[in-house]
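Novice: One structure, as structure tokens, below. Some questions next.
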Amino acid sequence: MESRVAYYFDNETDQCLPFLYEGCGGNTNRFRDMESCRMSCIPQDYGWCAMKEKAFVDNNGNTLICSRTSADPCPEKYICKHLAFFGICCPQKTEEIYAKNFYPKCARGTLVITDDGNFNMTFLGKTCSDKFCPEGSSCIQQEIFAYCCQ
1 MESRVAYYFD NETDQCLPFL YEGCGGNTNR FRDMESCRMS CIPQDYGWCA
51 MKEKAFVDNN GNTLICSRTS ADPCPEKYIC KHLAFFGICC PQKTEEIYAK
101 NFYPKCARGT LVITDDGNFN MTFLGKTCSD KFCPEGSSCI QQEIFAYCCQ
């Protein structure tokens, strides 16, 4: 069997990520494309803080709901993360690191972009050892994700 890029659901990042499948063995956490992985693993209305960090909760244990307006601000060191229907207060530092990793920039060259079936996005993987970057591109490892430049 010929090697090809397949996708798996990564529990740490709650993302479907690519890897080079070399055609031998495996498990049920392997999908032919990103859309199949997302449809199987991520509910459309699902939202979370990056890296499974806990959203801010009030003294009663309820998750604090926030909005884009200043009427519903988050406490210090938290930022409002907008989900499908409302926002939650997530730890600012983790959200900033995650955003830097999720929206990388190539020092030289251009980002490898993929069409996930719905829109174009940066081709991100978990680690460079997953060998997901296309031939002729280089893999750059960050704290959370790896990405490809060409």
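Oh and the sequence shown: position 36 is 36 in full-length UniProt numbering, straight run, nothing missing.
In this text, a Cβ means the ideal position worked out from N, Cα and C, and glycines have one as well.
(1) Which of the three DSSP states, helix, strand or coil, is assigned to residue 102?
(2) On a Cα-Cα basis, can you pick out the residue from 36, 9, 4 and 127 that is closest to residue 23?
(3) Let's see if you can read the secondary structure: which residues bound the alpha helix (DSSP H) around residue 4?
(4) What would DSSP say about residue 44, mapped onto helix, strand or coil?
(5) Please confirm whether residue 89 and residue 111 have their CB atoms less than 8 Å apart.
(6) Taking C-alpha atoms, which residue in 120, 127, 105 and 143 lies nearest to residue 150?
Specialist: According to the data block:
(1) DSSP places residue 102 within a helical segment (H, G or I) once states are collapsed to three.
(2) Residue 4 is the option with its Cα nearest to residue 23.
(3) Per DSSP, residue 4 lies in no alpha helix (DSSP H); the unbroken beta strand (DSSP E) holding it starts and ends at 4-10.
(4) Coil.
(5) Cβ atoms of residue 89 and residue 111: not closer than 8 Å.
(6) Residue 150 has its Cα closest to that of 105, out of 120, 127, 105 and 143.
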